[in-house]
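S.K.: Numbering (my numbering), first residue to last: 155 to 411.
Below is the structure I would like to discuss, written out as structure tokens.
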Ligand SMILES: Nc1ncnc2c1ncn2[C@@H]1O[C@H](COP(=O)(O)OP(=O)(O)OP(=O)(O)O)[C@@H](O)[C@H]1O
Ligand SMILES: [Mg+2]
């Protein structure tokens, strides 16, 4: 049972920002949503995750695992999100451990507080923290932007949701941390999650995703495998984005993460 968005249009004031946009993500699948800055990626994520601004008017149809989900509501069963702005995703006055532990207990990933702390520490280790116990004791402001971003990814993965929308999860990261985060996402997909990966990093997308949806000015202009998007039949905008990923993406053959 997939996550399916059909005919999404979003208007804010007199601006039509998303136009008849459709996409779907199946379980076990990682789909990239790519496009230039301001093309509408985060707004699409907001519609899917129930966090559109109050001033937005959305029409279209969202279905998650066979359930109709009204776009105007905030509740999204079975869906986790990594937001582009990691600072707003964490409570500034609560230590990281006290934020992660309830999520792990709620999702059933751990049954006791001690087990949840230990799982949180090992998962932080998976995304490159050499000192997870210190991180668990820290307040968000005591971490760097890239460290907070990785904490948000751990928090989202800890939900064990059926679907994950990750908006630029690797932007603030060095190459080693980036690779670890991509591996963690791959692991989640292999365990059954469907992931919509929003990114400017086309090489990362090509390494992780089976296909991509390309948007420009709020409209889907092309979609398909990376080999298709880099080929001669692709939309010029898709070709331009693929060009930024270099030869490996153009061959559609970046090594698996
Ligand atoms: N809350 C809002 N109110 C009004 N307009 C908005 C709002 N959020 C986004 N927009 C507009 O919608 C368009 C798409 O924005 P969006 O944040 O989805 O871009 P994006 O593709 O995620 O870009 P980036 O790659 O820079 O993150 C932009 O023109 C932006 O100005
Ligand atoms: Mg964005």
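Ideal Cβ placement from N, Cα and C applies to all residues, glycine included.
On a predicted model such as this, the values are computed, not experimentally measured, just so you know.
Does the region 369 to 382 come close enough to the region 168 to 179 that 3 or more CB-CB pairs lie under 8 Å?
M.R.: A contact exists between the region 168 to 179 and the region 369 to 382.
S.K.: Tell me, please, whether the region 242 to 261 touches the region 219 to 232 by the rule of three or more beta-carbon pairs shorter than 8 Å.
M.R.: These segments do not touch.
S.K.: Determine the DSSP secondary structure at residue 190, reduced to helix, strand or coil.
M.R.: DSSP places residue 190 in coil when its eight states are reduced to three.
S.K.: Could you tell me the boundaries of the alpha helix (DSSP H) in which residue 280 lies?
M.R.: Its alpha helix (DSSP H) spans residues 267 to 280.
S.K.: At 4 residues or longer, and completely inside the region 329 to 375: list those alpha helix (DSSP H) runs for me, N to C.
M.R.: Complete alpha helix (DSSP H) runs here, min 4: 329 to 344, 356 to 362.
S.K.: Could you give the first and the last residue of the continuous beta strand (DSSP E) run that contains residue 163?
M.R.: Segment 157 to 166, the beta strand (DSSP E) holding residue 163.
S.K.: Between residue 259 and residue 300, what straight-line distance do the alpha-carbon atoms span, to the nearest angstrom?
M.R.: Computed Cα separation, rounded: 25 Å.
S.K.: Here's a check: name, in chain order, each residue in its chain whose Cβ is nearer than 7 Å to the Cβ of residue 287, leaving out the five neighbours to either side.
M.R.: The residues are 275.
S.K.: When DSSP labels each residue in this structure, what does residue 300 get in the three-state scheme?
M.R.: DSSP places residue 300 in helix when its eight states are reduced to three.
S.K.: Among residues of its own chain, excluding the 5 on either side of residue 235, which ones have a beta-carbon nearer than 6 Å to its beta-carbon?
M.R.: So the qualifying residues of the chain are 203, 319.
S.K.: Going along the chain, which residues put their C-beta within less than 7 Å of some heavy atom in ligand 2?
M.R.: After applying the 7 Å Cβ criterion, the set is 195, 196, 238, 321, 322, 352.
S.K.: List the whole-angstrom C-beta distance separating residue 348 from residue 157, where the pair is believed to meet the contact cut-off of C-beta under 8 Å.
M.R.: At roughly 6 Å, the Cβ-Cβ gap stays under 8 Å, so residue 348 and residue 157 are in contact.
S.K.: Relative to ligand 1, is the shortest distance from any of its heavy atoms to the C-beta of residue 350 smaller than 7 Å?
M.R.: No, ligand 1 has no heavy atom inside 7 Å of this Cβ.
S.K.: At a threshold of 7 Å, does residue 99 count as lining ligand 1 (C-beta to nearest heavy atom)?
M.R.: The question about residue 99 has no answer here: the residues shown for the chain are numbered 155 through 411.
S.K.: Which residues does DSSP pair with residue 217 in a beta bridge?
M.R.: Answer is 158, 222.
S.K.: Indicate whether the contact test is met: 3 or more Cβ pairs, each with one atom in the region 182 to 189 and one in the region 340 to 359, closer than 8 Å.
M.R.: Output reads yes: the region 340 to 359 touches the region 182 to 189.
S.K.: Contact check, residue 251 vs residue 197 under 8 Å by CB: the rounded distance?
M.R.: Incorrect: roughly 33 Å between the Cβ atoms, too far for contact.
S.K.: Which class does residue 251 belong to by DSSP, given the choice of helix, strand or coil?
M.R.: The answer is helix: DSSP assigns residue 251 an H, G or I state.
S.K.: Just reading off the beta strand (DSSP E) that residue 175 is part of, what are its end residues?
M.R.: That run of the beta strand (DSSP E) goes 169 to 179.
S.K.: Quick check on DSSP: helix, strand or coil for residue 309?
M.R.: Reduced to three states, the DSSP call for residue 309 is helix.
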